[in-house]
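Quick note, the sequences are listed as chains A, B, C and D, same order. Note that our numbering has the first sequence beginning at 1, numbered continuously upward. Note that our numbering has the second sequence beginning at 1001, numbered continuously upward. Note that our numbering has the third sequence beginning at 2001, numbered continuously upward. Note that our numbering has the fourth sequence beginning at 3001, numbered continuously upward. Just so it is clear, CB atoms sit at the ideal spot from N, CA and C, and this is done for glycine as well.
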Amino acid sequence: MMPQFNGSETIEAPRQAVWDFLTDPQKVGDCVPGLKSLQVTDSDHFTADVRVGVGILRGTIKVKYEVVEKNPPSRIVMKMDGSGVGSKALINSTVELKDAPQGTQLDWVADVTVSGTLAGLGARYLNDIAFKTVSDIFKCTKEKLKRQR
Amino acid sequence: MSEGQELVHVRVRVNGQPYEADVEPRTLLIDMLRDNLGITGPHIGCDTGHCGACTVILNGRSVKSCMVLAVQADGSEILTVEGLEKDGQLHPLQEAFWENHALQCGYCTPGQLMSAYFLLGRNPNPSEDEIRKAIEGNLCRCTGYVNIVKAIKAAALKMSSPRAG
Amino acid sequence: MSKASPELISLYTQDSAALTLKWLGKPLKPKEDHRLVRGRGAFVDDVQLPRMAYAAFLRSPYGHARIKGMDISRAKSMPGVLLVWTGDDIKKRMRPLPQATPPPARNAIDYPLAVDKVRFQGEPVAMVVAESRYLAEDAANQIDVDYEPLPAVMDAEKALEPGSPLVHEEVGSNMIAHVHYKWGDVDYYFQHADMVVDAKFHYHRFTGAPIEPNAVVADYDERLDVMTVYCNNQAPMEWLPQLSAGLNMPYPKLRVVTRDIGGAFGTKLINYVYMVLASLASKELRRPVKYVETRTENLQAAAHNAERTCYVSAAVQRDGTVLAIRMKCIDDDGAYSRHEPAGMTVWAQVSTGLYRIKALENDFYAVFTNKCPSTSIRGFSRAPHLFMIERIMDRIARKLGVDPAEIRMRNLVRPEDMPYMTPSGGLYDSGNWPDGLKKALEAADYQGWRRKQEELRRQGRYVGIGVVVGSDSAGPNMAQVKMYNPGLPYTSGTEGALVQMTPDGKVRVTLGTSPQGMGHETTAAQVVADVLDVDYDDIYVQTGFDSFTSIYTMHSGTYGSRFAPLGLSAVYLAAARLKAKLAKIAAYMLRCNELDVVLDGGKAFCRTDPQRAVDFKRIARVAYGNVNEMPPGMEPGLYSIAIFRPPFQNPDENRRANLALTYSYNVHVVVVEVDPETGMPRILNYVALEDSGRIVNPLVVDGQVHGAIAHGIAEALYEKYNYDENGNLLNSNFVDYLVPTALEIPPLSVVHTETPSPFTPTGAKGMGEGGGTAVQAVISAIEDALSPLGAELVDSHADPETILRILKGSSR
Amino acid sequence: MRPAPFEYYAPETVEDALRLLEEKEGAKLLAGGQSLLALMKLRLLAPSALIDLNRINGLRYIREEGNGWLSIGAMTLYDELEQSPVVRTRYPALREALYRLGDQQVRNRGTIGGSLAHADPSANLPPAMVALKAQIVVARRNGERRTISADDFFVDSFTTALDPEREMLVEVRLPPWPRMSGGTYMKLSKREIDFSIVEVAAQISVDDAGNVREARIALGSVAPKPYRATGAESVLLGSKVDEGLAARAAEKGVEGLEPPSDVQATGWYRKEVSKVLVKRAILKAWRRATGVEQ
């Protein structure tokens, strides 16, 4: 009942740059799709109001972001806690950074735990949202860093 | 009764009588019937439109009044279980439900009756399979449906026989 | 074990002299049905009071989590919101709910709103009261709770292992109670038996899912200082202590009212938590407060049955005689003991099933898990136990190559042994069980189906036949709870009734019960009509229960199939006493020897001179008004109150006791075909035989049988709760929790035998729960269908995928 | 449970509906509401506004066109379609999908347009539409129309090719099928009223010799959108259908399938049963095409 997702991006930027980006809550927060408002609490935390619009599921959910583990410049474990529509979605995501010929290789895995009304009826909606959210963040990371150069 | 948002004025005819109410746009038809109009025959048994206890006839079609907004019913004709009786005379379906004990707790009965009413309006001599199909949207926990099916058959027979009203 | 002693039999035997048998057994149109078919039922949600406010709850999304913080400020400030309470607010207002469990489980702290921790998904964490239910829900959604998820306890067996997470830290383990039962020389039989048959079985989690959810309207009247609680609780008097303690009000100030109840099936016993919360809110706001559960809340958090896992061994002789049974069972009672662990004792009503088994041992555990609290869902505890017994009988039959009907025939209690005393002290009252089995097999054309099964198998079709016996042990002896907690001051099983002839000669009846469609108004009227020989239509039975007008005991209520054995017995006694008084007055008025007075058709006459007659109406006027015409010294009025008390005793030091008053009997024969390509099961034929003693009203009895079968089929094939390992309930609405429709429940045929019970004055036996016989029968039939593959079903639920995996030999 | 507050509009023309849809951020169109209102009651959905299409005239019709096409207005009720003689005789697959959709009350309120736009991966109609080669007509403002084939209309679970802020579904068109064609819809679910665990719609046309000319087979509940069993279709082309061929086609048809698991069934079960239903649907459709069976 705990779906795993993963993906990987090749980013045209040096590993340090990717690292700096991913450890900056402001930057990561700006990459959350459907972001309405962002409050950065400290170097490892932010909370955000996010408008989700996957399929029919539309509405605003609260997202709490936390960096649980940092191991520069190669590994980050982040936790995203989304709550809304009587339910909670906990996303645990681990990011591995490796040097690659064209820059940096970013591999990520995420698992999603859905609790509440949606766990039964709507897991199929929410897993979807979770997956798209996470992968969008890293796609966005890739784009922004590309533009920086 | 709400500070939620501004209210909409709704006019309906229920069981032949005109009614008016001011409701929120989100007010479900079943809530307007029960809470605003005091018509408590139709009941609420679920959130997802599966139990059918709230079934009423809306402009000639059986619908679940928990899956229709009150505003949507503005200007329409509604028949509820209370409207089946004609001047003190039970409707043949009601008679048959009583004679065959086609109910126990009676909570789903108003919905069962309205689904049966719609069926017989369309198909005066339904087979057992057609009857079961016609009430698939009305859950009953007490009777195992045995006597409900029996009663609908009996009513159909009575209504199609010449001397019946 | 053997026929009961003459002393015991005479102690239990009831006098039924007052019956005329003019009104019992007639299919009279049920009194209740008339208002219900007209949409004029009186259900709790129909109660509309001026200034009424509405409650809604915020519930836990987690199965197990610590509440780190809660922000109710936004909810509080919303328009139309009158009150927002969290666990801490409740803590300030009431003591924890009383625990019936023995120590240390008794240390568990149970509030109607979660305090510090949530222990099952759907547990209420905050209560909102607002001007409308819409606004109340809006506000509940604006409450922010900060949770720290904890590992959930989801497996009852693992829950007992050291190092398991704890549902209640204060308890120190997840054990609610442990009882070791041993009746007869089990060890001897296991040493000397020809063989031993072992199996593990699991009885799954489901619920009764009445179409009317839990509902309450609490209305505190400041002027009279009276709290009126309109509820749909099945046994309001049983929970009055909780309500009284919660509100700190004496019983005479608490008016608890039930009227029409939209089904319950055991789910509406522990809704007293909402009665307490709504009452507290009503007192706080000085306004009526209504709460009606949503379906999602109902399926998630109202009440489930306890799952049961048993390891069963049977000591068996080559000829199929079952000598003894040894079991270890674990009940998964969920997060709180609000009604449980009663189930760990109630099964003992039918300890050795319907068989002449000589000895039985059961090592029984009840545990806490992070699931919805459990209660006595229809067939409570006896159904799962009979599941274990009937399933092991099937395994024995297969092992010996004996027909499953035959193995039962060989072991059934025989008519000459009735009333029969079981090893655990149970007293089976009456019946010819082997004959009933024979009749059922004939009615179902059992042999014909066996032949057809052979043909169809040759054509590659999978058809199976289940033949199963069961009993509705009814009219429980509450002393059974002493078997897990000897300290509980709660014994026997009693019921009260008032029968009054009013001055106009009509009859008014009030009952202690709160029926949910069992036809109490009808059958009570039939008993009164039968005893007094007055017209059924002249008898008016008050709908439901009212603690200000009904006659009650602490056992009063409608559960455990108790109305026929206990309720109707009280009605009979009250009517018989009234009859005697009428005769005395008539004798005086007619100048007739009391022994010559005949009461007939609503009047009394003198046998010696039938011309001398007086009708009840005149007697009634005399008794209330023209009192000087009454026998001197006789108390005026025609009130008759009776409390029926069965000769129950407490369990002895070996936990032996008769735990129910009557034991009705049923046999189900069902034919099921499974689609070998999809695993879809289909019921081809269903026949049930029922012997519930004297039938008071065949319409009511058949209706109960139909309902019990439908629930059983639903449990076996459609209804099963699925929790994931985090404590999420994955089917908490009618989209995914599959209550069957008229297309799933097949036509059912019911046949009867009628053996009056000597232990009730009417001869009627309790019935209606059905003893889970339908579950046993359907599962048995599916196993039989798959038997060419040597398949063995462990669970009480078989869905198409389970069946297909067996057919494909692939395990999950 | 009760829905969260929303603004309510009941336009009387398609144009007004589209204007409101553009103007009101987060608005949703309300057709029959038999899915939408349930999700709103559970508060899984909380649109800021509902635009009720029930008062728009001229969206409720079943019309046989000169060119043999059947045009169905978006607001036509399931029940109206299910009862329609044309649908019964010309499109048995659609008729069976409708007959087994929800219950009578749902069929009395729910609309074909609403169901297709909702695009529930387990709904009855999408696979039927794909199998029948339906065309979906979409309206934009100022009378602008575009037509999308059913194959392209369904994009993802609960996601269609419609622009949710700008477009609405106004009509469904079913092409004429040759005289010797037959179709069927099969659904496996625990209860008849349930969303399917697996569902299949098949439409086959044959030549006079009985060889398959064209076959369209679509499954539901096994993927985020209707799944075309093209593998099966190609196996059938040019040949007469028998048990063996149908089985082989079914095997091929579900090869690439990785169905989801949920509380009702695992992906394994869905895949096993897909094979069975595809086989059975092929046989029935072929028998109907060849006139062996009605």
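*What does a CB cutoff of less than 6 Å around C/D2071 pick up in its chain, not counting 5 residues either side in sequence?*
D2144
*Return the first residue and the last residue of the alpha helix (DSSP H) that C/R2326 is part of.*
Run containing C/R2326: none in the alpha helix (DSSP H); it sits in the beta strand (DSSP E), V2322 to D2332.
*Check the Cβ-Cβ distances between C/P2061 and every residue of chain A, and say whether any is below 8 Å.*
yes
*Proximity test, Cβ basis, 8 Å: B/V1149 and chain D*: no
*How many Å lie between D/A3031 and B/N1036 at the Cα?*
25 Å
_Which same chain residues end up closer than 6 Å to B/L1028 when comparing Cβ atoms and leaving out the 5 residues on each side of it in sequence?_
C1066
*Cβ neighbour criterion (16 or more within 10 Å) applied to D/L3042*: buried
_At least 3 beta-carbon pairs within less than 8 Å: the region 2669-2678 of chain C vs the region 2004-2014 of chain C_ = no
*Identify the residues that DSSP records as bridge partners of D/T3160: which are they?*
D/F3154
*Endpoints, beta strand (DSSP E) assigned at C/K2452*: From DSSP, C/K2452 is part of no beta strand (DSSP E) but of the alpha helix (DSSP H) over Y2446 to R2458.
*Does any residue of chain C bring its CB to less than 8 Å from the CB of A/R147?*
no
_B/E1020 versus B/R1026, B/P1042 and B/V1071, residue with shortest Cα-Cα distance_ = Closest in C-alpha terms to B/E1020, from the list B/R1026, B/P1042 and B/V1071, comes B/V1071.
*C/Y2663: contacting residues in chain D (beta-carbon distance under 9 Å)*: Within 9 Å Cβ-Cβ: nothing; C/Y2663 doesn't reach chain D, min ~35 Å.
*On the three-state DSSP scale, how would you describe C/M2421?*
strand
*Pick helix, strand or coil for C/T2013, following the three-state DSSP scheme.*
coil
*Is DSSP giving D/A3281 helix, strand or coil here?*
helix
_I want to know whether the region 2698-2708 of chain C touches the region 2746-2758 of chain C - three or more CB-CB distances under 8 Å._
They touch, by the three-pair rule.
*Name the residues in the region 3016-3031 of chain D whose C-beta lies less than 7 Å from a C-beta of chain B; which are they?*
none
*According to DSSP, is C/R2106 helix, strand or coil?*
helix
*Apart from the five residues on each side of it in sequence, which residues of its chain come closer than 7 Å, Cβ to Cβ, to C/T2662?*
D2429, A2474, G2475, P2565, G2693, S2757, F2759, T2760, K2765 and G2766
*For the region 2093-2141 of chain C, list the beta strand (DSSP E) runs that are entirely contained and at least 3 residues long, ordered along the chain.*
Runs of the beta strand (DSSP E) inside the region 2093-2141 of chain C: 2124-2130.
*Give the straight-line distance between the Cα atoms of D/G3220 and D/L3277, rounded to the nearest whole angstrom.*
Cα-Cα distance, rounded: 11 Å.
*asked:* Can you tell me whether C/E2169 is helix, strand or coil according to DSSP?
replied: helix
*Please decide whether C/R2682 counts as near chain D, where near means a Cβ-Cβ distance under 8 Å.*
Chain D contact via Cβ: absent.
_Three-state class that DSSP yields for D/E3251 in the structure shown_ = helix
*Since B/K1153 meets chain C, which of its residues come closer than 7 Å, beta carbon to beta carbon?*
Those do not exist, as B/K1153 stays about 12 Å from chain C at its closest Cβ, beyond 7 Å.
*Mark C/D2609 as exposed unless 16 or more other C-beta atoms lie within 10 angstroms of its C-beta, in which case mark it buried.*
Classification for C/D2609: exposed.
*Leaving out five residues before and five after C/L2582 in sequence, what residues of the same chain have Cβ atoms less than 8 Å from its Cβ?*
M2501, L2532, L2599, A2604, F2616, I2619 and L2638
*Spatially closest choice to B/H1050 from B/V1063, B/P1126, B/N1059 and B/M1159, by CA coordinates*: Measuring from the Cα of B/H1050, the nearest candidate turns out to be B/V1063.
*Answer yes or no: does any C-beta atom of chain A fall closer than 8 Å to that of C/N2728?*
yes
*Residue range of the beta strand (DSSP E) that A/G29 falls in?*
Careful: A/G29 lies outside any beta strand (DSSP E), inside the alpha helix (DSSP H) at P25 to D30.
*Using the beta-carbon of each residue, which ones in chain D are nearer than 9 Å to B/T1080?*
The premise fails here: B/T1080 is roughly 14 Å from chain D at the closest Cβ pair, so nothing lies under 9 Å.
*Anything in chain C within Cβ reach of D/M3001, meaning under 7 Å, just list it in chain order.*
E2137, T2294 and T2296
*asked:* Against chain D, with Cβ distances strictly below 8 Å, would B/V1071 count as a contact?
replied: yes
_In DSSP terms, what C/A2764 is bridged to_ = C/G2693
*For C/D2736, decide whether its Cβ has a neighbour in chain D, counting only Cβ atoms nearer than 8 Å.*
Closer than 8 Å: yes.
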